[in-house]
Amino acid sequence: MKEIQTASLVREEIEKDIFLKNSLFKGLINNSALARLLLLTIKKRNPKATLESVTISIVRYAQDLNTNSLETSLTSHIAHSHLSMKNDIVHATFPRNASIFGVVSDISKKIRWDLDEVLFVNQGSGEITIIVDKKNFPLIEGISSEAIEIRKDTATVSISESKIKGVEEGIEIPGLYSYFINQVSQEGITLLDIVSTRSQLTLVIKEKDLTRAYDILSNCIRHYREKPGE
149 MKEIQTASLV REEIEKDIFL KNSLFKGLIN NSALARLLLL TIKKRNPKAT LESVTISIVR
209 YAQDLNTNSL ETSLTSHIAH SHLSMKNDIV HATFPRNASI FGVVSDISKK IRWDLDEVLF
269 VNQGSGEITI IVDKKNFPLI EGISSEAIEI RKDTATVSIS ESKIKGVEEG IEIPGLYSYF
329 INQVSQEGIT LLDIVSTRSQ LTLVIKEKDL TRAYDILSNC IRHYREKPGE
């Protein structure tokens with residue numbers, strides 16, 4: 149019974165991290181090292197767990213893994229992604245109230261969508277963030293005194309998916325967005341905001357990090373495009 153319980157807990161812990169799961173499938177993980185890492189967490193819920201039982205559970209889980217569909221879908225979508233970037237962006241945060249929403253409504257009517265001008269609106273329970281091109285800052289300048297914070301030194305990097313007939317949309321692929329976010333974050337680049345739609349992920353960052361972020365993501369996409377079979 150102990151081994152079954154340990155196996156269940158090991159599975160639960162591994163499946164919290166899609167990249168750990170994928171690396172385990174590829175044989176890139178040292179099972180004993182991973183067992184030592186997980187042991188304390190497993191023992192909190194199963195005091196009888198041992199290093200040996202955790203290691204055995206990891207090995208058996210790895211043998212049972214069938215992530216071919218995940219591997220193919222995830223890497224294929226990364227390989228077929230396209231990047232775009234934009235500097236001179238203003239990122240402004242306001243209290244969430246009716247008057248600010250009214251301004252947003254007015255701004256949306258003045259944005260030149262045909263010129264690919266930016267207008268992103270992100271809201272939480274008490275705040276609303278408006279993201280616009282710097283040249284359109286005058287559209288919100290009248291409410292700047294109400295702002296919680298205004299950043300004029302920001303930029304955006306957008307990752308868009310290719311429309312491929314018969315291919316599942318990126319929003320349905322576990323780990324796709326987190327992959328891109330993780331690649332940028334682990335290089336020490338602060339994400340000021342994240343905006344997503346059904347087919348595009350946009351990262352708002354400091355303008356000084358724009359070129360580096362673009363290069364990081366571009367290299368990730370190129371890596372999977374150059375893989376055999378992609």
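When we follow this note's numbering, the leftmost residue of the sequence shown carries the number 149, and every step to the right adds one. We treat Cβ as the ideally placed atom computed from N, Cα and C, and that holds for glycine. As the structure is a prediction and not an experimental result, all values here were calculated from the model.
| Query | Result |
| --- | --- |
| Three-way DSSP call (helix, strand, coil) for Ala303 in this model | strand |
| Gln334, DSSP secondary structure in three states | coil |
| Residue span of the beta strand (DSSP E) that contains Ser344, given as start and end | 339–344 |
| Status (buried if at least 16 other CB within 10 Å, exposed otherwise) for Glu378 | With a pLDDT of only 47 at Glu378, under the threshold of 50, the placement of this residue in the model should not be trusted; the figure read from the coordinates follows. Classification for Glu378: exposed. |
| Selected residue, minimal CA-CA separation from Ser201, among Asp212, Leu213, Leu182 | Leu182 |
| Test item: CB-CB of Ile226 and Tyr327 under 8 Å | yes |
| Element boundaries [beta strand (DSSP E), containing Asp281] | 275–281 |
| Pair within 8 Å by beta-carbon distance, Thr241 and Glu265 | no |
| Rounded straight-line distance, which links the Cα of Val280 to that of Ile291 | 14 Å |
| Per-residue DSSP class, three states only, for Val238 | strand |
| Contacting residues, own chain, Cβ-Cβ under 7 Å from Ile303 (five flanking each side not counted) | The sequence shown places Ala at residue 303, rather than the Ile named in the question. So the qualifying residues of the chain are Met233, Lys234, Asn235, Ile237, Ile353, Glu355, Leu358. |
| Expected contact under 8 Å - CB spacing of Pro243 and Glu294 to nearest Å | 7 Å |
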